[in-house]
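Reading the sequence shown from the start, the letters are residues 1 to 100 in the UniProt record's numbering. Where a beta carbon is used, it is the ideal one built from N, C-alpha and C, also for glycine. Quick caveat, the model's predicted, so the values are computed rather than measured. One structure is given below, encoded as structure tokens.
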Amino acid sequence: KCLECGKSFVSKNHLNRHQMIHTGEKPYKCLECGIGFRQSSDLIHHRVIHTGEQPYRCLECGRNFNERPFHCSDCGKSFLQNYNLVLHRRVHTGEKPFRC
Numbered sequence: 001k002c003l004e005c006g007k008s009f010v011s012k013n014h015l016n017r018h019q020m021i022h023t024g025e026k027p028y029k030c031l032e033c034g035i036g037f038r039q040s041s042d043l044i045h046h047r048v049i050h051t052g053e054q055p056y057r058c059l060e061c062g063r064n065f066n067e068r069p070f071h072c073s074d075c076g077k078s079f080l081q082n083y084n085l086v087l088h089r090r091v092h093t094g095e096k097p098f099r100c
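Next up, the structure:
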């Protein structure tokens with residue numbers, strides 16, 4: 001459980017990552033521009049700005065994109081579609097809209 005805001009997490013790793021929000025810690029730095037990130041995966045996604053790579057392909061239209069514009073404010077994870085972000089947010093809120 002986070003002592004700062006009271007949120008609970010399923011693992012110590014998730015708690016540690018969450019606490020970086022409060023401390024402002026961003027240990028993964030881009031060597032090209034110096035921007036910091038909480039997770040290594042966010043740094044990897046950021047690097048496409050410098051390389052010009054377009055690794056994300058739209059399954060509907062076939063176009064390629066170089067970023068995931070929808071970001072989770074809790075953990076920094078990024079998504080191509082807002083809908084997927086909305087689904088992901090349930091990890092943090094504990095929302096379970098469907099009955100077993």
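Out of Val48, Ile44 and Tyr28, the CA that lies nearest to the CA of Phe37 is found in Tyr28. Under the DSSP definition of a beta bridge, Phe70 partners with Phe79. Here His50 is exposed: its Cβ has fewer than 16 other Cβ atoms, across all protein chains shown, within 10 Å. DSSP places Lys1 in no alpha helix (DSSP H); its state is neither H nor E. Thr93 and Gly34 have their C-alpha atoms roughly 32 Å apart.
The three-state secondary structure of Lys29, taken from DSSP, is strand.
Gly36 is bridged by DSSP to Lys29.
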